[in-house]
Amino acid sequence: WEHAYYLDHQNARPSYLDAVVDGHLNWDFAADNLARGSAWVYPG
887 WEHAYYLDHQ
897 NARPSYLDAV
907 VDGHLNWDFA
917 ADNLARGSAW
927 VYPG
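Each position in the sequence shown, counted from 1, maps to that position plus 886 in the numbering used here.
Okay, here's the thing in C-alpha cells:
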C-alpha cells in the first residue's frame with residue numbers, strides 16, 4: 887500500500903474519507919466561494 891491514509895487508517899478507507907470530509911475540508915470557505923459564484927484566487 888502506498889496510499890497516504892494507510893499509516894493512520896490501514897485498509898479502512900471509509901474512516902479515512904470520514905476524517906477528511908469532517909476534519910480537513912473547510913466547508914464554510916467552500917460555501918462562501920459557491921455563494922460568490924467564483925473560485926478563490928491566491929493574491930499575487
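Heads up, the beta-carbon is just placed ideally off N, CA and C, and yes, glycines get one too.
Since the model is a prediction, treat every value here as computed from it, not as a measurement.
Rounded to whole angstroms, what is the Cα-Cα separation between A921 and N912? The sequence position of residue 921 within the sequence shown is 35, counting from 1. The sequence position of residue 912 within the sequence shown is 26, counting from 1. Each residue's CA atom was taken as its position, placing A921 and N912 some 14 Å apart.
Which residue marks the beginning of the alpha helix (DSSP H) containing P929, and which one marks its end? If you number the sequence shown from 1, residue 929 lands on position 43. Segment: none, P929 is in no alpha helix (DSSP H) and carries neither H nor E.
Tell me which residue opens and which closes the alpha helix (DSSP H) that S924 is part of. One-based indexing of the sequence shown puts residue 924 at position 38. First-last for S924: undefined, no H or E at that position.
On the premise that H910 lies in contact with Y902, defined as a C-beta separation below 8 Å, what is that separation, rounded to the nearest angstrom? Residue numbering aside, residue 902 sits at position 16 when the sequence shown is read from its first letter. Residue numbering aside, residue 910 sits at position 24 when the sequence shown is read from its first letter. That belief does not hold up - the Cβ atoms of Y902 and H910 are roughly 10 Å apart, past 8 Å.
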